[in-house]
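Residue numbers for the sequence shown follow numbering that gives the first Met the number 0, so the first one is 0 and each next one is one higher.
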Amino acid sequence: MNETRDAVICSTERPRRFYDCTLNEKLLYTAFLLLVGIAYLMALTYLYTEYEGIDGKPGLSLEDIAENYYGNRSGTRLEAALRGPMAGYIETEQRHHVVEWLKSGASKSDYGNRIEPILTERCVVCHSTASGLKIPDLSSYERIKQVSNVDTGVSLHSLMKVSHIHLFGIALVALGIGLVFRFALLPHWFQHTLTLLPFVAIFTDIAAWFLTKWDPFYAYTVVSAGGLLGLAWAMQIVISLYQIWFLPQRAQVRCSVAQQSGNHE
Ligand code: HEC
Numbered sequence: 000m001n002e003t004r005d006a007v008i009c010s011t012e013r014p015r016r017f018y019d020c021t022l023n024e025k026l027l028y029t030a031f032l033l034l035v036g037i038a039y040l041m042a043l044t045y046l047y048t049e050y051e052g053i054d055g056k057p058g059l060s061l062e063d064i065a066e067n068y069y070g071n072r073s074g075t076r077l078e079a080a081l082r083g084p085m086a087g088y089i090e091t092e093q094r095h096h097v098v099e100w101l102k103s104g105a106s107k108s109d110y111g112n113r114i115e116p117i118l119t120e121r122c123v124v125c126h127s128t129a130s131g132l133k134i135p136d137l138s139s140y141e142r143i144k145q146v147s148n149v150d151t152g153v154s155l156h157s158l159m160k161v162s163h164i165h166l167f168g169i170a171l172v173a174l175g176i177g178l179v180f181r182f183a184l185l186p187h188w189f190q191h192t193l194t195l196l197p198f199v200a201i202f203t204d205i206a207a208w209f210l211t212k213w214d215p216f217y218a219y220t221v222v223s224a225g226g227l228l229g230l231a232w233a234m235q236i237v238i239s240l241y242q243i244w245f246l247p248q249r250a251q252v253r254c255s256v257a258q259q260s261g262n263h264e
């Protein structure tokens with residue numbers, strides 16, 4: 000039986016696998032998967048540093064997630080920002096002063112004496128109308144009042160902004176990884192499930208952001224769906240990288256046409 004002829008017939012009759020790819024394709028897929036893997040790890044680190052400590056305790060917890068979306072209805076947005084995403088812009092000592100001021104009722108007289116200089120030094124560069132950013136204006140007592148009332152979590156406007164950016168971005172990344180992963184040789188049901196999983200996970204995750212804004216209970220869903228996305232991508236990437244470089248074409252992998260012609264001979 001002629002091996003080369005079989006191979007030619009087979010590649011047109013059965014789906015392509017990694018061992019059918021040229022070296023150039025293999026290099027392209029490997030480089031892409033490695034970069035996406037690194038980007039994912041960086042995103043995880045970023046998420047950790049961005050959201051840890053929102054609830055005032057070190058480390059990332061469900062409470063941090065719940066508080067980010069639902070808010071801490073017993074605290075203020077300003078305090079939540081100072082403990083969370085804005086923590087890097089202020090000294091611990093100064094933050095202490097501001098939080099104390101907030102807790103003691105955020106009076107105007109104390110604002111002028113102690114708080115205004117801190118905020119002017121640390122925050123007003125970005126948080127004023129002059130910066131052109133669509134973020135709370137912290138340049139006067141009246142304006143600050145808007146964020147020193149009860150914290151109801153990230154605004155719907157921000158949520159919408161972050162959601163659509165994530166949906167577009169992640170859909171494209173999932174498509175890229177999925178396009179490579181389709182060359183893997185796996186049981187059909189498993190490959191189909193794993194291909195769809197990242198899309199389902201990201202949809203669930205983002206839906207859960209909105210649900211958590213409504214009820215902090217859904218912070219569990221945010222974390223589980225995020226974990227599922229990571230797991231699905233890790234599996235697609237590891238399986239693909241393994242099969243690109245280590246899965247040889249097995250002798251029994253022949254298309255039906257070749258087998259039939261083989262049987263007749
Ligand atoms: C380098 C620019 C910059 C500086 C300095 C800065 N912020 Fe921000 N701040 C931002 C941006 C950008 C956002 C919007 C972030 C987002 O939507 O995730 C924001 C958001 C916020 C919010 C709104 C959070 C919410 O609930 O949506 C508060 C409150 C806040 N900052 C307070 C502060 C305070 C207090 C300081 C000073 C200690 C400070 N920021 C310093 C850029 C800055």
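Don't be surprised by glycine CBs; every beta carbon is placed ideally from N, CA and C.
A quick note: this is a predicted structure, and the numbers were derived from the prediction, not measured.
For residue i and residue j, I'd like the C-alpha separation in whole angstroms.
{"i": "M0", "j": "G36", "result": "Residue confidence for M0 is low, a pLDDT of 43 falling below 50, so the modelled location carries little weight; the figure read from the coordinates is stated next. Cα-Cα distance, rounded: 43 Å."}
{"i": "P14", "j": "L171", "result": "23 Å"}
{"i": "L22", "j": "V222", "result": "39 Å"}
{"i": "E264", "j": "Q248", "result": "Annotation note: pLDDT 37 at E264 (below 50); position unreliable, no value reported."}
{"i": "A206", "j": "D63", "result": "18 Å"}
{"i": "F182", "j": "I201", "result": "23 Å"}
{"i": "S127", "j": "S139", "result": "9 Å"}
{"i": "D214", "j": "T220", "result": "11 Å"}
{"i": "W188", "j": "T194", "result": "10 Å"}
{"i": "T203", "j": "Q93", "result": "39 Å"}
{"i": "L118", "j": "K133", "result": "18 Å"}
{"i": "G58", "j": "E51", "result": "5 Å"}
{"i": "F216", "j": "N67", "result": "13 Å"}
{"i": "V123", "j": "K144", "result": "15 Å"}
{"i": "Q259", "j": "F209", "result": "Because the pLDDT at Q259 is just 49, under 50, the model does not fix this residue reliably, and the point stays unresolved."}
{"i": "P116", "j": "H96", "result": "11 Å"}
{"i": "S108", "j": "V98", "result": "16 Å"}
{"i": "I176", "j": "L32", "result": "7 Å"}
{"i": "T3", "j": "Y18", "result": "Only weak support exists for where T3 lies, its pLDDT of 47 falling under 50; the value from the coordinates is given anyway. In a straight line, the C-alpha of T3 is about 15 Å away from that of Y18."}
So if DSSP puts residue i in a beta bridge, which residue, or which two residues, is it bridged to?
{"i": "T75", "result": "V149"}
Rounded to whole angstroms, how far is the Cβ of residue i from the Cβ of residue j, which I believe are closer than 8 Å?
{"i": "A231", "j": "L196", "result": "4 Å"}
{"i": "R16", "j": "L184", "result": "5 Å"}
Exercise. On the three-pair Cβ rule with 8 Å, is the segment 149 to 162 touching the segment 63 to 77?
Worked result: yes
Exercise. Where in the segment 180 to 239 do unbroken runs of the beta strand (DSSP E), each at least 3 residues long, occur, reported from the N-terminal end onward?
Worked result: none
Problem set entry | Length-filtered (4 minimum) alpha helix (DSSP H) runs lying within the segment 56 to 143 | Runs of the alpha helix (DSSP H) inside the segment 56 to 143: 61 to 69, 76 to 82, 91 to 102, 115 to 121 and 140 to 143.
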